[in-house]
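Protein chains in written order, with this note's numbering: chain G, 1 to 100; chain S, 1001 to 1167.
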Amino acid sequence: MDEEQALRIVDEELERALAGVVAPPYFADAVRRRARERRVSPLPEILDSIGWAAVLAIVFALLLWLAPMMQSSWWLVGLASAVVIPALYVGWRWGGETAE
Amino acid sequence: MPGDQQFESVLATYQDRVYRLCYAMLGDRAAAEETAQEVFLRIWKALAGYRGEAALSTWIYAITRNTCLTALKARASRRGISLEIPGVRAAAERAASGPPVPDRQPDILRFVGELPANYRQVVLLFYLEERSYEEVATMLNLPLGTVKTWLHRARTQLAAALVEKES
């Protein structure tokens, strides 16, 4: 067998061996199923935020207890912080995970 | 959702090409299927951030190549399991003394498997993608001339292996 003949056989055999190499029929469904499983849930961040809100509320209550001369407007600042800071944290974490 | 529609369109258009690129880089269908699924999960997560700086196909093939390289590294590290780990040596000895696995792979694919990795990828993709040099160059991010050179050398080596087998 000369080289030209061998090259022709290489071409024919490779075409035959590799004919019809396509993704299996269930491929797209498997990808969709795995994508659904990986869809990001906000629940862990919400639970985290509840925890952080509790921590901030306790810290603020301790501050008030230790400094009774604090003005009443500080109460509002503290309560607002206990809501706004965890909310910012949730947004930041969730946004980061969905952008990955 | 519009993003889901876009993803569905990408999935329908590229699933076979991504699968074939994975097959060419990894060399077996099971690994290609698993890795191609991982590629589409990465695309699904990143599609919202795709700004069109590169052609969509170039972007998808880059994700595919990177995912395949990660899979190859993981495979290499798994193969590097030490025989000193309890049970590993015994399992290796059992496998070595067991009956040989029947080899149903056509000769030509065995010869392809013996080529250097870069030649193997080019030759597999060339025949998988209906002999398109341009498609192979895009998929592997190689200059067209390199693809032609590697393919020529790979075919010559395969032909020599066939001649040697015949003689």
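Idealized CB from N, CA, C, for every residue including glycine.
Closer than 8 Å to chain S by CB, residue i
i: G/Pro-86; result: no
i: G/Glu-13; result: yes
i: G/Leu-18; result: yes
i: G/Arg-34; result: yes
i: G/Pro-44; result: no
i: G/Glu-100; result: A caution first: G/Glu-100 carries a pLDDT of 47, below 50, which makes its placement in the model too unreliable to give a value.
i: G/Ile-9; result: yes
i: G/Pro-24; result: yes
Short CB-CB distance (under 8 Å) between residue i and chain G
i: S/Glu-1053; result: no
i: S/Asp-1016; result: yes
i: S/Arg-1155; result: yes
i: S/Tyr-1119; result: no
i: S/Trp-1044; result: yes
i: S/Arg-1020; result: yes
i: S/Ile-1063; result: no
i: S/Glu-1166; result: yes
i: S/Glu-1033; result: yes
i: S/Tyr-1133; result: no
Residue i - DSSP class collapsed to helix/strand/coil
i: S/Glu-1053; result: coil
i: S/Ser-1077; result: helix
i: S/Ala-1048; result: helix
i: G/Asp-2; result: coil
i: S/Asn-1066; result: helix
i: G/Ser-49; result: helix
i: S/Leu-1142; result: coil
i: S/Asp-1103; result: With a pLDDT of only 44 at S/Asp-1103, under 50, the local geometry of the prediction cannot be trusted, and no value is derived from it.
i: S/Ser-1009; result: helix
i: S/Ala-1137; result: helix
i: G/Val-21; result: coil
i: S/Ala-1096; result: In this predicted model, S/Ala-1096 has a pLDDT of only 43, less than 50, meaning its place in the structure is not dependable; the value taken from the coordinates is given anyway. Of the three classes helix, strand and coil, the one that applies to S/Ala-1096 here is helix, per DSSP.
i: G/Tyr-89; result: helix
i: S/Arg-1131; result: coil
i: G/Ser-81; result: helix
i: S/Arg-1155; result: helix
Inter-residue spacing [alpha-carbon to alpha-carbon] between residue i and residue j
i: S/Gln-1006; j: S/Ala-1030; result: 27 Å
i: G/Ser-81; j: S/Leu-1072; result: 49 Å
i: G/Leu-88; j: G/Pro-42; result: 13 Å
i: S/Arg-1155; j: S/Phe-1111; result: 10 Å
i: S/Arg-1051; j: S/Ile-1043; result: 13 Å
i: S/Asp-1028; j: S/Ser-1077; result: 18 Å
i: S/Thr-1058; j: S/Met-1139; result: 7 Å
i: G/Val-31; j: G/Ala-57; result: 44 Å
i: G/Leu-79; j: S/Ala-1046; result: 38 Å
i: S/Ala-1055; j: S/Glu-1134; result: 15 Å
i: G/Ile-9; j: S/Leu-1021; result: 24 Å
i: G/Glu-12; j: G/Glu-3; result: 14 Å
i: S/Thr-1070; j: S/Thr-1064; result: 10 Å
7 Å Cβ cut-off: residues of chain A touching residue i
i: G/Arg-38; result: Structure shown: chain A not included; protein chains present are G and S.
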